[in-house]
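Read through the structure below, which is laid out as structure tokens, and then see the notes.
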Amino acid sequence: MNMHNFNSGPSILPQPVLEEAAKAIINYNNIGLSILEIGHRTSWFEEVLHEAQQSVKDLMQLNDSYEVLFLHGGATTQFMQVPMNLLDTNATAAYCDNGIWGSKAIKEAKLFGNVNVVASSKDRNHTYINKDFTIPADAAYLHYTTNNTVEGTQWHHIPETHVPLVADMSSDIFSRPMAFDKFSLIYCGAQKNMGAAGVTMVVVKKDILGKISRTIPPIMDYREHIAAGALLNTPPVFAIYLSMLTLRWIKENGGLTVMEQKAKERAHLLYSTIESLPNFVATVAPEDRSLMNAVFVMKDPAQEKPFLDECKKLGMVGVKGHRSVGGLRVSMYNALPLSSVQAMCDLMKDFANRYN
Ligand SMILES: *Cc1c(COP(=O)(O)O)cnc(C)c1O
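The sequence shown runs 1 to 356 under UniProt numbering.
Structure, rendered in structure tokens:
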């Protein structure tokens, strides 16, 4: 069966990336060894690492004042590692609370210093982005989540601020061009839009490091990773390789401008179909809707199960909403073809005809 992969993460990857990776598992670049069998300090792997780092800088148009690291631990580890490196015990960091992931980041930051939640969208169940707030000039940094994977909201602009900007971009990384040089630190788990689970990317501007008094365990210290050439310990070799291939695929397919154009086409098709049918209701404020994760509900909750059953029969996976918000969610990452969204929309229309 032709599957339609709407998984929220780990999620769809480009077919050519999977084919190349499958070959490399048996015999990497015809060297007679698997990518899984080579040392991380070999020139074979260093080429992979350096291409991945350079592709990130190319796509983000960043200069050498930034470093690109590929770490273990997921974006969740960054919830702790960011304040450990950037927030002094008596200092205060500003955080935006726009959903489940941002709330988790706030909780971790409080273990290291003070947190000022400058904006929250909790009052309306995180169905919008609260953009009307002020950031104290002495904040150590402002942290926000560019795309709220679970709630289906996305920032469509970069917040104006003079304090260092830190962003969790796990679920919309490399989906659109941005002024990435406005950020001091960007992190993401790779498994949504840039590769397989097992690697976390951190892009950090070097001049924000080393400004706090805390002693940081070396493995948690970004400066130690930078000094070791991103090879402080064994990195997740295969996951980095997969990210490198995905980044190469993005570059070969028109870069971030084309990724954004395709994301807009997919999202427009899906949201306009939802709005045209009485059975489905998009819950997020229109101006804050995510181009990556569309969250919606059935007007009659009793129709949810039959709809999900029909999705399953047609090979559409990942459509059930996150357990914390319920409803339905269709994730549309870079590798998802428009034809999958079209298939979903055809089903929705057909379903609405039969269940009116
Ligand atoms: C998935 C996700 C996370 C958690 O990532 P892990 O790699 O599982 O730790 C954090 N933030 C956002 C925005 C996410 O979508």
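Glycine included, each C-beta is placed from N, C-alpha and C at the ideal position.
With a minimum length of 4 residues, the unbroken runs of alpha helix (DSSP H) contained wholly in the region 66-135 fall at 74-86 and 100-109. In the assembly as shown, residue 261 is an exposed residue. Its beta-carbon has fewer than 16 other beta-carbons within 10 Å. In the three-state DSSP reduction, residue 309 falls in the helix class (H, G or I). Per DSSP, the unbroken alpha helix (DSSP H) holding residue 346 starts and ends at 338-354. DSSP places residue 212 in the coil class of the three-state scheme, outside both helix and strand. Here DSSP, grouped into helix, strand and coil, assigns residue 41 to coil. Taken through DSSP and simplified to helix, strand or coil, residue 271 comes out as helix.
Within the same chain, 274 and 296 come within 6 angstroms of residue 280 by CB-CB distance, once the 5 residues on both sides are set aside. At the C-beta level, residue 189 and residue 239 stay beyond 8 angstroms of one another.
Counting the other Cβ atoms within 10 Å of the Cβ of residue 180 gives 16 or more, which makes it buried. Within the same chain, 141, 184 and 208 come within 6 angstroms of residue 164 by CB-CB distance, once the 5 residues on both sides are set aside.
Ranked by Cα distance from residue 242, the first of 25, 80 and 2 is 25. Residue 96 and residue 249 have their C-alpha atoms spaced approximately 33 angstroms apart. Nearest neighbour of residue 264 by Cα position, chosen from 199, 337 and 10, turns out to be 337.
Residue 60 and residue 17 have their alpha carbons spaced roughly 21 angstroms apart.
Residue 348 sits buried, since 16 or more C-beta atoms from the chains shown fall within 10 Å of its C-beta. By the Cβ-count criterion, residue 225 is buried, with 16 or more other Cβ atoms from all chains shown falling within 10 Å of its own Cβ. Secondary structure note for residue 186: its beta strand (DSSP E) is the uninterrupted segment 185-189. Contact between the region 166-177 and the region 86-105 is present, with at least three C-beta pairs closer than 8 angstroms. In chain order, 174, 175, 176, 250 and 334 place their CB closer than 7 angstroms to the CB of residue 259, counting only its own chain and leaving out the 5 sequence neighbours on each side.
In chain order, 113 and 114 place their CB closer than 8 angstroms to the CB of residue 90, counting only its own chain and leaving out the 5 sequence neighbours on each side. Within a 10 Å sphere around the beta-carbon of residue 19 sit fewer than 16 other beta-carbons, which makes this residue exposed.
By the Cβ neighbour-count rule, residue 49 is buried, with 16 or more other Cβ atoms within 10 Å of its own. Look at residue 101: its beta carbon is less than 7 angstroms from one of the heavy atoms in ligand 1. With a cut-off of 7 angstroms, the C-beta of residue 294 is classified as distant from ligand 1, since no heavy atom of the ligand falls inside that distance.
The C-beta distance from residue 118 to residue 137 rounds to 12 angstroms, too long to fall under 8 angstroms, and the pair is not in contact. Assigned with DSSP and collapsed to three states, residue 192 falls in coil, not helix or strand.
Between ligand 1 and residue 267, a heavy atom-to-CB distance of less than 7 angstroms is absent.
In this structure residue 27 is exposed. Its beta-carbon is surrounded by fewer than 16 other beta-carbon atoms within 10 angstroms. One alpha carbon belongs to residue 341, the other to residue 266, and they sit about 6 angstroms apart.
Ranked by how close their Cα comes to the Cα of residue 82, the residues 143, 10, 134 and 256 have 143 in first place.
Per DSSP, residue 238 is one residue of the alpha helix (DSSP H) stretching across 237-252. Membership of residue 320 in any alpha helix (DSSP H) is not indicated, and neither H nor E is assigned to it by DSSP.
Note: residue 154 is bridge-paired with 147 in the DSSP secondary-structure output. Using a 10 angstroms sphere on the CB of residue 99, the tally of other CB atoms reaches 16 or more, which defines it as buried.
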